[in-house]
Amino acid sequence: MFTKFLTVFLVSMLPLAELRVAVPLAVGMKLPLVASYIICIIGNMIPVPFIYFFARKVLEWGATKPLLEKPFTWILKKGEKGGEKLMAKVGRSTYVALFLFVGIPIPGTGAWTGTLAASILDLDFKKSVLAALGGVLLAGIIMGVASTGVFSLIGLV
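Residue numbers (UniProt numbering): 1 to 157.
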């Protein structure tokens, strides 16, 4: 059982997969849902401070290197441009928007992307982490309910 929990933990740390893949994986492995949920949340949140503090620095550094200049500059400009549009739309509700962005489990959203956006936009660290945590909690509940329902329908749970 330890190996299954470790697998779920590690999958929840991966970009794009995150808890959105790890929770259904745990349900499919017939692991206890509450324990899996907690492990997935911890795994999903571990990269968040590193992304917040280092992602922008890595992108800015890469933008000065000949081989990396174009893609890294593109990511920075795209992030800043998208962030400016978002800030204009949501105004004072920036952290609510970040919470919803992370919390609604669709491809391309999640703690990795949300934290990267917060870093590029220079949002407050503590508020950004709390918004991302809230979003991860919400996404975990949605994925847990959806996974349990789907696996029940096909007779795996």
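For each residue, glycine too, the CB sits at the ideal point set by N, CA and C.
Item	Value
How is residue 178 classed by DSSP in three states: helix, strand or coil?	Given that the chain is displayed from residue 1 to residue 157, the structure contains no residue 178 and the question cannot be resolved.
What residue does the alpha helix (DSSP H) around THR113 start on, and which one ends it?	111-120
So, under 8 Å CB-CB, VAL136 and ILE41 are touching, yes? Tell me the CB distance rounded to an integer number of Å.	6 Å
Which first and last residues belong to the alpha helix (DSSP H) in which ALA55 is found?	47-62
Using only the alpha-carbon positions, how far apart do VAL27 and ILE141 sit?	12 Å
Is the Cβ-Cβ distance between ILE120 and ARG56 less than 7 Å?	yes
Within its chain, find whatever has a CB closer than 8 Å to the CB of MET1; leave out the 5 residues flanking it on each side and keep chain order.	LEU31
Quick check on ILE51: buried or exposed, where buried means 16 or more other Cβ atoms within 10 Å of its Cβ?	buried
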